[in-house]
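S.K.: The following block contains the structure, expressed as structure tokens.
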Amino acid sequence: EVAETAQAAVAAADCVIVCVPVGAIAGVAAEIAPSLAPGAILSDVGSTKLGVIGALAAHIPPHVAFVPAHPMAGTEFSGPDSGFSALFEGRWVLLTPPAGTDEAAIGRIEAFWRGCGANVERMEAAHHDRMAAMVSHLPHLIAFTICNTAEGLEDESRREVLQFAASGFRDFTRIAASDPVMWRDIFLANREALLEMLARFTEDAQAMARAIRFGDAAYIERSVERGRAIRQSLIEQKQA
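Numbering-wise, the UniProt record's numbering puts 69 at position 69 of the sequence shown, and it's gapless, one number per residue.
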């Protein structure tokens, strides 16, 4: 079934999931809210939660349950054409329902995502945003930045970086192919948590720089070993 307007699309729906960049969620919610049916459930797939919950609070009718969600899945590609059947299998979907949210509504959203093959976990919104800043938002920021660093090299060096890039550079920067508008919105929406994690990363990077500068081989090896162990744990948990 195809509807000509967003309002018509949601009018008879018992569950509506808003799948737009975080910067557009509030606008879409305001547009469709008057057309949501009594007892309907509204959810989303935004990568930040505190801002989304705050932005939607004024638009959600009292007869509608709001269950925020964040599927921790995807590739560097965006939009409906980038989906595939196994996208959510074995991946985590984090729900951050505000206090007082109807338990039956939460249960239905949990069942929906489990039906897609995902694992489901509930989490407080502020905690979600700090965690997402570390495992998703900071890695994207670093990937974009290292590509910008390569772009800023002198012409000959830049050409060689692109020509001879080995698997390390290619793998690390894969996510730098992600949508700029989407990530602009995410960085700004989660700025406090992201800046906190960026500061921690900067401290660790500076510590490694000092170790390299002063030849502290033991520190370098310990740092690499810790990083390797974390990567290995991701593989063991089938999250890599």
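The C-beta atom is built at its ideal place from N, Cα and C for all residues, glycine as well. Every value quoted in this text rests on a predicted model; they were computed, and no experiment measured them.
Judging by CA-CA distance, which residue of His140, Ala176, Thr75 and Trp183 is the nearest neighbour of Leu87?
M.R.: For the purposes of this step, residue 87 is taken as the residue at position 87 of the sequence shown. Leu87 has its Cα closest to that of Thr75, out of His140, Ala176, Thr75 and Trp183.
S.K.: Is Val10 near the ligand MG, going by C-beta to nearest heavy atom under 7 Å?
M.R.: Of ligands this structure carries none, so the ligand MG is not represented either.
S.K.: Is the distance from the Cβ of Leu95 to the Cβ of Val64 below 8 Å?
M.R.: In the sequence shown, residue 95 corresponds to position 95, counting from 1. In the sequence shown, residue 64 corresponds to position 64, counting from 1. Contact: no.
S.K.: Can you tell me where the alpha helix (DSSP H) with Glu196 in it begins and where it stops?
M.R.: Here residue 196 corresponds to residue number 196 of the sequence shown, with the count starting at 1. From DSSP, the alpha helix (DSSP H) with Glu196 extends over Arg191 to Arg213.
S.K.: Excluding the 5 residues preceding and the 5 following Gly16 in the sequence, name in chain order all residues of the same chain whose CB lies nearer than 6 Å to its CB.
M.R.: Locating residue 16 in the sequence shown gives position 16, where the first residue counts as 1. The sequence shown places Val at residue 16, rather than the Gly named in the question. Counting only Cβ-Cβ distances below 6 Å, and skipping sequence neighbours, we find Val10 and Leu42.
S.K.: In chain order, what residues of the same chain lie with their CB nearer than 7 Å to the CB of Trp183, ignoring the 5 residues before and after it?
M.R.: Locating residue 183 in the sequence shown gives position 183, counting from the first residue. Cβ neighbours of Trp183 beyond the five flanking positions: His140.
S.K.: When you compare each of Ala69, Thr173, Glu156 and Gly117 to Ser85 by their alpha carbons, which one comes out closest?
M.R.: Your numbering for residue 85 matches position 85 in the sequence shown. Among Ala69, Thr173, Glu156 and Gly117, the Cα nearest to that of Ser85 belongs to Gly117.
S.K.: Express the C-alpha separation of Ala24 and Ala104 in angstroms, rounding to a whole number.
M.R.: Taking the first residue of the sequence shown as 1, we reach residue 104 at position 104. Taking the first residue of the sequence shown as 1, we reach residue 24 at position 24. Those two C-alpha atoms are separated by around 27 Å.
S.K.: When you compare only the Cα positions, how much space is there between Val161 and Ile106?
M.R.: Within the sequence shown, residue 161 is the residue found at index 161, counting from 1. Within the sequence shown, residue 106 is the residue found at index 106, counting from 1. Going by the C-alpha atoms only, they are around 49 Å apart.
S.K.: On the three-pair Cβ rule with 8 Å, is the segment 141-150 touching the segment 172-180?
M.R.: With a cut-off of 8 Å, the segment 172-180 and the segment 141-150 count as touching, because enough Cβ pairs lie within range.
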